[in-house]
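**Q** Read left to right, the sequence shown gives residues 49 to 396 (this note's numbering).
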Amino acid sequence: MDDQNVILSIRDLNVKFTLRGQVLHAIRGVSLDVYQGESLAIVGESGSGKSVFVKCTMGLLDANGFIDSGSILYNGMDLTKFKTDKDWLKIRGREIAMVFQDPMTSLNPLKTIGKQIQEAVELHQGLRGKAAYDAVLEVLSDVGIDDPPRRYGQYPHEFSGGMRQRVVIAIAVACRPKILICDEPTTALDVTIQAQILELIKAMQKKYNLTTIYITHDLGVVANVADRIAVMYAGDIVELGKCDEVFYDPRHPYTWALLSSLPQLGVKDEPLYSIQGTPPNLFHEVKGDAFAPRNPKALKIDFVERPPFFEVTPTHYARTWLLDPRAPKVEPPEHVRVLREKGVNRVG
């Protein structure tokens, strides 16, 4: 992918929060390019900084959070320079839209579904009256909601969880954004509905020429929708590559641990793999590789110096000293070797 395809370019981003007189360093010098039309998944366990990272692109940080340094370039603008809601209105919804993980709290219980979608249509497409109404019916149909005229007049409590998630996607798509961010879009849904929602997002991406960014802690969920995967740990991207590269040739010990935790790799009558220990306290400075204290195969240098990004292929990078030519050869764990050799069914 060449530079002209980059739609969003983040460079050396540092985000901090002040909490009870202390400073928490939530995003630690992250750089990432997002390409036009791609589907990028950002994965990592809870608290790794995924949601904070993408909220920076929409000016949605909590009041006690701030961008300390770095740049977020979109369409010739550095979004880190935006200070007011008026600035952000040029971006939010119109250019970058977000599907939040809990549709019940995203929807207004006192307004009909149709009116909530129509607000987005009127604000961002500039349509009024019958044209706006027709656009709402079209997007309801697009997201797989039957009998749109009847559904237009219904309220959120009259919809199931999966249907509400479809409505939230409809509101985001009705803004006609260039980038659609999906924050844990299937968390509260059962497995069969999860698959339907992921298929729906893929269909929306194709119809509306969207660039999609998924945030999830579940590698299984993104396996069939992502072109590339960024693995995030303790506010840093530790591995980045095409979907198959990260699944079948992972290089960072944290990625190994995440993959080993996939339930479908479990062995009957044996306990499921779980990552020992806890993530580092980001109120304190992180020395070396943040995952080192939880990594049974950590090298001495992992505790001393932060590793650079090493190139595995032109599209695959990992921030681990194991890729240094001087490092001893360390084999990935059994689960990862099984995944590489057999190629398991990758649906979560």
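Just so you know, even glycine gets a beta-carbon here, dropped at the ideal spot from N, CA and C. Note that the structure is a prediction, hence the values are computed from the model and not measured.
Between Arg59 and Pro319, what straight-line distance do the alpha-carbon atoms span, to the nearest angstrom?
**A** Reading the sequence shown from its first residue, position 11 is the one you call residue 59. Reading the sequence shown from its first residue, position 271 is the one you call residue 319. Arg59 and Pro319: Cα-Cα distance of roughly 41 angstroms.
**Q** Report all residues from its chain with a CB closer than 6 angstroms to the CB of Thr66; omit the five preceding and five following residues, and keep chain order.
**A** Within the sequence shown, numbered from 1, the residue matching residue 66 stands at position 18. Result list for Thr66: Asn112, in chain order.
**Q** Considering only residues of the same chain and omitting the five flanking positions on each side of Ala222, which have a CB-CB separation below 6 angstroms?
**A** To locate residue 222, count along the sequence shown from 1; it is residue 174. If we look at Ala222 and ignore the five residues flanking it on each side, its Cβ neighbours are Ile165, Ala168, Val169, Val187.
**Q** Does DSSP put Gln324 in a helix, a strand or coil?
**A** Here residue 324 refers to the residue found at position 276 of the sequence shown. Coil, per DSSP.
**Q** Go ahead and label Glu359 buried or exposed: buried means 16 or more other beta carbons lie within 10 angstroms of its beta carbon, across all protein chains shown.
**A** Here residue 359 corresponds to residue number 311 of the sequence shown, with the count starting at 1. So Glu359 ends up on the exposed side.
**Q** For Tyr29, name the three-state secondary structure that DSSP assigns.
**A** What is shown of the chain runs 49 to 396, which leaves residue 29 out entirely.
**Q** Determine the direct distance from the alpha carbon of Leu387 to that of Asn393, and round the result to whole angstroms.
**A** In the sequence shown, counting from the first residue as 1, residue 393 sits at position 345. In the sequence shown, counting from the first residue as 1, residue 387 sits at position 339. In this prediction, Asn393 scores a pLDDT of 47, lower than 50, which makes its location untrustworthy; the coordinate-derived value is nonetheless stated afterwards. Computed Cα separation, rounded: 9 angstroms.
**Q** Three-state secondary structure (DSSP) at Ala111?
**A** Position 63 of the sequence shown, counting from 1, holds the residue named residue 111. Three-state DSSP puts Ala111 in coil, outside helix and strand.
**Q** Is it the case that the Cβ atoms of Ala282 and Gly124 are separated by a distance below 9 angstroms?
**A** The sequence position of residue 282 within the sequence shown is 234, counting from 1. The sequence position of residue 124 within the sequence shown is 76, counting from 1. Cβ distance not < 9 angstroms, so Ala282 and Gly124 don't count as in contact.
**Q** Near His364, which residues of its chain fall below 6 angstroms by C-beta distance, leaving aside the five closest residues on each side in sequence?
**A** Here residue 364 refers to the residue found at position 316 of the sequence shown. The residues are Gly289, Glu293.
**Q** Is the distance from the Cβ of Val100 to the Cβ of Ile75 below 9 angstroms?
**A** The residue labelled residue 100 in the question sits at position 52 within the sequence shown. The residue labelled residue 75 in the question sits at position 27 within the sequence shown. For Val100 and Ile75, yes; Cβs fall inside 9 angstroms.
**Q** Do Val54 and Tyr83 have their beta-carbon atoms positioned less than 9 angstroms apart in this structure?
**A** Walking along the sequence shown from the start, residue 83 turns up at place 35. Walking along the sequence shown from the start, residue 54 turns up at place 6. Yes, the Cβ-Cβ distance between Tyr83 and Val54 is below 9 angstroms.
**Q** Out of Ile249, Ala243, Leu267, point me to the one whose CA is closest to Ile217's CA.
**A** Locating residue 217 in the sequence shown gives position 169, where the first residue counts as 1. For Ile217, the nearest C-alpha among the options comes from Ile249.
**Q** Would you kindly report the start and end of the unbroken beta strand (DSSP E) that includes Ile144?
**A** Start at 1 with the first residue of the sequence shown, and residue 144 comes out as number 96. Start and end: 144 to 147.
**Q** Who pairs with Glu287 in a beta bridge, going by DSSP?
**A** Indexing the sequence shown from 1 puts residue 287 at position 239. Glu287 pairs with Val279, Ala366.
**Q** In terms of residue numbering, what span does the beta strand (DSSP E) encompassing Asp409 cover?
**A** There is simply no residue 409 to check, as the chain begins at 49 and stops at 396 in what is shown.
**Q** So if DSSP puts Thr361 in a beta bridge, which residue, or which two residues, is it bridged to?
**A** Against the sequence shown, residue 361 aligns to sequence position 313. Answer is His364, bridged to Thr361.
**Q** When you compare the CB positions of Thr368 and Arg276, do they come within less than 9 angstroms of one another, or not?
**A** In the sequence shown, residue 368 corresponds to position 320, counting from 1. In the sequence shown, residue 276 corresponds to position 228, counting from 1. Their beta carbons are not under 9 angstroms apart, which means Thr368 does not touch Arg276 by this criterion.
**Q** Drop a sphere of 10 angstroms on the beta-carbon of His205, count the other beta-carbons inside from all chains shown, and report buried for 16 or more, exposed for fewer.
**A** The sequence position of residue 205 within the sequence shown is 157, counting from 1. Its Cβ having fewer than 16 others within 10 Å, His205 is exposed.
**Q** Apply the 10 Å Cβ neighbour rule to Glu389 and answer buried if 16 or more other Cβ atoms are within range, or exposed otherwise.
**A** Within the sequence shown, numbered from 1, the residue matching residue 389 stands at position 341. With fewer than 16 other Cβ atoms within 10 Å, it is exposed.
**Q** Using 10 angstroms around the beta-carbon of Ser309, count the other beta-carbons present and answer buried if the total reaches 16, otherwise exposed.
**A** Here the question's residue 309 lines up with position 261 in the sequence shown. Its Cβ being crowded by 16 or more others within 10 Å, Ser309 is buried.
**Q** Considering just the uninterrupted stretch of the alpha helix (DSSP H) at Ile165, what are its terminal residues?
**A** Translated into positions along the sequence shown, residue 165 becomes position 117. Element bounds for Ile165: 161 to 173.
**Q** On the three-state DSSP scale, how would you describe Ile263?
**A** Within the sequence shown, the letter at position 215 stands for residue 263. Here Ile263 sits in strand by DSSP.
**Q** Measuring straight from C-alpha to C-alpha, what distance separates Ile139 and His383?
**A** The sequence position of residue 139 within the sequence shown is 91, counting from 1. The sequence position of residue 383 within the sequence shown is 335, counting from 1. Rounded to the nearest angstrom, the two C-alpha atoms are 43 angstroms apart.
**Q** Can you grab the Cα-Cα spacing for the pair Phe207 / Thr234, in whole Å?
**A** Within the sequence shown, residue 207 is the residue found at index 159, counting from 1. Within the sequence shown, residue 234 is the residue found at index 186, counting from 1. The alpha-carbon atoms of Phe207 and Thr234 are separated by roughly 16 angstroms.
**Q** As a quick exercise: from Glu86, Ile90, Gly85, pick the residue whose alpha carbon is nearest that of Leu306.
**A** Against the sequence shown, residue 306 aligns to sequence position 258. The shortest Cα separation from Leu306 among Glu86, Ile90, Gly85 belongs to Ile90.
**Q** With distance defined between alpha-carbon atoms, name the residue in Thr303, Met106, Ile161 nearest to Asp284.
**A** Taking the sequence shown and counting its residues from 1, the one referred to as residue 284 is at position 236. Measuring from the Cα of Asp284, the nearest candidate turns out to be Thr303.
**Q** If you measure between the beta carbons of Gly236 and Asp297, is that distance less than 9 angstroms?
**A** On the sequence shown, position 188 is the one that residue 236 refers to. On the sequence shown, position 249 is the one that residue 297 refers to. Here residue 236 is Ala; the residue named in the question, Gly, does not match the sequence. It is not a contact, given that the beta carbons lie outside the stated cut-off.
**Q** Report yes if the C-beta distance between Pro197 and Glu143 is below 9 angstroms; otherwise report no.
**A** Within the sequence shown, numbered from 1, the residue matching residue 197 stands at position 149. Within the sequence shown, numbered from 1, the residue matching residue 143 stands at position 95. In this structure, Glu143 does not lie closer than 9 angstroms to Pro197 by Cβ.
**Q** Under 6 angstroms Cβ to Cβ from Gly396, same chain only, skipping five residues before and after it: list those, please.
**A** For this step, residue 396 is matched to residue 348 along the sequence shown. Summary for Gly396: the model assigns pLDDT 41, below 50, so the residue's position carries little reliability; its value from the coordinates is reported in the next sentence. Cβ neighbours of Gly396 beyond the five flanking positions: Asp266, Gly268, Val269.
**Q** On the DSSP bridge list, what partners appear for Val78?
**A** Position 30 of the sequence shown holds residue 78. Looking at the DSSP assignment, Val78 forms a beta bridge with Leu61.
**Q** For Val191, collect the residues of the same chain with a Cβ closer than 8 angstroms to its Cβ; drop the 5 residues on either side in sequence, then sort them by chain order.
**A** Taking the sequence shown and counting its residues from 1, one reaches residue 191 at position 143. Only Arg214, Val215, Ile217, Ala218, Val221, Leu248, Met252 meet the Cβ criterion.
**Q** My assumption, with CB atoms under 8 angstroms, is that Ala243 sits in contact with Leu88. Please give the rounded CB distance.
**A** By 1-based counting over the sequence shown, the position of residue 243 is 195. By 1-based counting over the sequence shown, the position of residue 88 is 40. Actually they do not touch by this definition, with Cβ atoms about 20 angstroms apart.
**Q** Since Ala89 is in the beta strand (DSSP E), which residue starts that stretch and which ends it?
**A** To locate residue 89, count along the sequence shown from 1; it is residue 41. Looking at the DSSP string, the run of the beta strand (DSSP E) that includes Ala89 is 87 to 91.
**Q** Output the boundary residues of the alpha helix (DSSP H) element that contains Asp135.
**A** Along the sequence shown, read from residue 1 onward, the residue named residue 135 stands at position 87. Looking at the DSSP string, the run of the alpha helix (DSSP H) that includes Asp135 is 133 to 136.
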